[in-house]
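Trainee: Once you've had a glance at the structure underneath, I'll fire off some questions.
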Amino acid sequence: MSDRRMPASRLVLAALCAVLVVGGAPPAAATDDRGGGTTAAEVPEQLEGSLAWPVPQAQVLRAFAAPSTRWGAGHRGIDVAAAPGETVVAATSGTVTFAGTVVDRPVVTVRMDGVPWEVLVTAEPVAPLVAAGDVVEAGDPIGTVVGGHRPCGACIHLGVRIDDAYANPMALLGAERAVLLPLARGSG
């Protein structure tokens, strides 16, 4: 190779690197936002209060905690106290889209009918009494509680997804919003 060609080769290589570095990055508007922001879905007003509790005398043991990024740590649902063997009822009317095992726990998922969004309501660990494709009404038995949900032992995890984003089930259950009360005089 002659000395005369060396600088031209290096120039071409430098130009190619510049194109890849500058031209290879997508414009800001085209970047994928899955890595940032909250993953909590806004709950449309029409869905507020649209779910029923899956077990009677429901007591929330662990609240929803949206992760700060799509794949970040969080609690994508609520844990509700329930005894092993207790009957779990459909929290919504809809079609069972899944009834089986995910990793090591039984899960039942119902897609809410009659709304313009894809709303999926999931209960676990729940041994299914239904099958994928079954149509259920809110309050119909869908399974029984299986003990051993790691975070709380005897409970079920109730999750909600609206159009591929997790939502706080409490908003759909019609739970009252927290109200801060003033301290009583002399208590402080």
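All the letters of the sequence shown, read from the start, carry residue numbers -30 to -1, 1 to 158 under mature numbering (1 follows the signal peptide of the UniProt record, and there is no 0).
In this text, a Cβ means the ideal position worked out from N, Cα and C, and glycines have one as well.
#1: Could you check what DSSP says for Pro95 in three-state terms: helix, strand or coil?
#2: DSSP three-state call for Leu31: helix, strand or coil?
#3: Since Ala10 sits in a beta bridge, which residues does DSSP pair it with?
#4: Between the C-alpha atoms of Cys122 and Gly103, what's the straight-line distance to the nearest angstrom?
#5: In three-state DSSP terms, what is Ala51?
#6: If you draw a straight line from the C-alpha of Gly117 to the C-alpha of Val58, how long is it?
#7: Would you say the stretch 13 to 22 touches the stretch 31 to 45, given that touching needs at least three Cβ pairs under 8 Å?
#8: Short of 6 Å in beta carbon distance, which residues of its chain neighbour Ala52, apart from the five on each side in sequence? Order them along the chain.
#9: Considering only C-alpha positions, which residue in the set Ala22, Ala135 and Pro98 is nearest to Trp87?
#10: Pick out whichever of Ala97, Ile112 and Thr67 has its Cα sitting closest to the Cα of Asp74.
#11: Say whether chain D places a C-beta atom closer than 8 Å to the C-beta of Ala60.
#12: Could you give the distance in angstroms between the alpha-carbon of Val78 and the alpha-carbon of Trp41?
#13: Just reading off the beta strand (DSSP E) that Ala69 is part of, what are its end residues?
Mentor: Here's the rundown:
#1: As a first step, residue 95 is located in the sequence shown; it is residue number 125 there, counting from the start. Coil.
#2: Along the sequence shown, read from residue 1 onward, the residue named residue 31 stands at position 61. Residue state, collapsed to three classes: strand.
#3: Numbered from 1 along the sequence shown, position 40 holds the residue referred to as residue 10. According to DSSP, Ala10 bridges with Tyr136.
#4: To locate residue 122, count along the sequence shown from 1; it is residue 152. To locate residue 103, count along the sequence shown from 1; it is residue 133. Rounded to the nearest angstrom, the two C-alpha atoms are 30 Å apart.
#5: In the sequence shown, residue 51 corresponds to position 81, counting from 1. For Ala51, the secondary structure class from DSSP, reduced to helix, strand or coil, is strand.
#6: In the sequence shown, residue 117 corresponds to position 147, counting from 1. In the sequence shown, residue 58 corresponds to position 88, counting from 1. Rounded to whole angstroms, the gap between the alpha carbons of Gly117 and Val58 is 13 Å.
#7: As far as the Cβ criterion goes, the stretch 13 to 22 does not touch the stretch 31 to 45, which means the pair count is below three.
#8: Working through the sequence shown from its first residue, we reach residue 52 at position 82. Answer for Ala52: Val25, Val115, Cys125 and Ile126, listed in chain order.
#9: As a position in the sequence shown, residue 87 is number 117, starting the count at 1. Per the C-alpha coordinates, the member of Ala22, Ala135 and Pro98 positioned closest to Trp87 is Ala135.
#10: Here residue 74 corresponds to residue number 104 of the sequence shown, with the count starting at 1. If you compare the alpha carbons of Ala97, Ile112 and Thr67 with that of Asp74, the shortest gap goes to Ala97.
#11: The structure shown has no chain D; it contains just one protein chain.
#12: Stepping through the sequence shown from its first residue, residue 78 is reached at position 108. Stepping through the sequence shown from its first residue, residue 41 is reached at position 71. The alpha-carbon separation between Val78 and Trp41 amounts to approximately 22 Å.
#13: Locating residue 69 in the sequence shown gives position 99, counting from the first residue. Gly64 to Val72 is the span of the beta strand (DSSP E), which, as asked, contains Ala69.
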